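Contents: one structure, followed by commentary.
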Amino acid sequence: MGHLYKKNTTRFVDPQTGKRTTRTKCPDARREESRSPKWWGKWIDADGIERRESLAKDKSVARQMLAEREREAERGRAGISDPFAVHRKTPLVDHVAAFGRHLAAKGNTPRHVRDTLSKLSAALVEGCRFRLLDDLRPGSLAEYLADRREAGLGVATSNRYLVACKSFAKWLVRDRRRPDDVFAHLSALNERTDVRKERRALSDEEVGRLLTATEAGPRRGGLSGPDRAMLYRVALGTGARVSELASLTRASFDLDGPAPTVTIDAAYSSVGGRM
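Going by this note's numbering, 811 is the number at position 137 of the sequence shown; the sequence numbering is gapless.
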């Protein structure tokens, strides 16, 4: 039989800053205990594994949700077909790897694929400790990102982690691996409230000093000083980003026409086309 209960949580707070911490970092940390606002459910799934899930604040609603979980388990034990059964038992890391192959097959750059998989592994596998698709919980992801921001992670970076996770969740539905988009209701935060660096254009004088110093500078990143200075001139004249500049080859330049152009492949650019 399933069981409803309120989850007790314990956290340690720095008495000086009021922020969450650990006893290791702050021996004088204040211990605070609280009960979850939602009812949790505990039941045994079709494979005999004990499952626990945050359900709802309303006890009657939580009881209905728990009953549905138990019915699903009963159907599984009775051998009634579940179209997602195989995927439910597949380790989450394997789904993440398959998502990476999907991104690569769509023509995304290797760097984008690596960055996306790194964020998914950090947030879902290492941070939230999810192991199977049924373990995915939007509340756990939101709490993980909140803890990271409290530890110093910028809002913009937090949003990029969320984008990667939401993209993964949508793909799971499209690829018929899950019946629903588990992170659908999670929203990005307003990045304007957390501006870490004020961006501005260089003045003509600053551009001149940059190019002069670069031309006389040492070899870096496989480029001589004069070559790096020329790359900066291309960046200043086109507005191309680092990944776009790195994708350029001799064939990218057409300098003989009436209007010289630099063409960036669409796979490396948010806009694509000529500059």
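Think of the CB as a built atom: it goes at the ideal place given N, C-alpha and C, for glycine as much as any other residue. The structure presented is a predicted model; accordingly, all values stated were derived computationally and were not measured.
Boundaries of the beta strand (DSSP E) harbouring S710: 704-718, taken from the DSSP string. Note: T684 is bridge-paired with E707 in the DSSP secondary-structure output. Following the DSSP letters along the chain, one finds S841 inside the alpha helix (DSSP H) bounded by residues 829-848. Between R697 and A720, the C-beta gap is not smaller than 8 Å, which leaves the two residues out of contact. Listed in chain order, the alpha helix (DSSP H) elements of length 4 or more contained wholly in the stretch 793-831 are 812-824.
Residue pairing from DSSP places L678 in a beta bridge opposite G715. Check the Cα spacing between A914 and each of A890, P892, D930, D939: the tightest is with D939. Distance check between F758 and each of R788, L806, G781 places L806 closest, using alpha-carbon atoms only. For E742, the closest of G676, W713, S792 by C-alpha to C-alpha distance is G676. Using a Cβ-Cβ distance cut-off of 8 Å, the stretch 851-869 and the stretch 887-904 are not in contact, since fewer than three pairs of beta carbons, one from each stretch, lie closer than that value.
Taking a 10 Å sphere around the C-beta of E918, we find 16 or more other C-beta atoms and assign the residue as buried.
Judged by DSSP secondary structure, L863 falls outside any alpha helix (DSSP H); it is assigned neither H nor E.
A distance below 8 Å separates the beta carbons of L860 and A816. Collapsing the DSSP output to three states places S734 in a helix. A check of alpha carbon separations from S841 across G774, P689, D702 identifies G774 as the nearest. Contact annotation: A736 and G715 have beta-carbon atoms nearer than 8 Å.
With a cutoff of 8 Å on beta-carbon distance, L798 and C839 are scored as near each other. Of all alpha-carbon atoms in F686, P934, K712, the one lying nearest the alpha-carbon of D702 is that of F686. Going by DSSP, S917 is part of the alpha helix (DSSP H) stretching over 916-920. Where V856 is concerned, there is no enclosing alpha helix (DSSP H), because DSSP gives it neither an H nor an E.
S728 sits in a strand when the DSSP states are folded into three classes. The Cβ atoms of T888 and A903 lie closer than 8 Å to each other.
Secondary structure at T912: helix, using DSSP grouped into helix, strand and coil. Linking D878 to L884 through their CA atoms gives a straight-line distance of about 10 Å.
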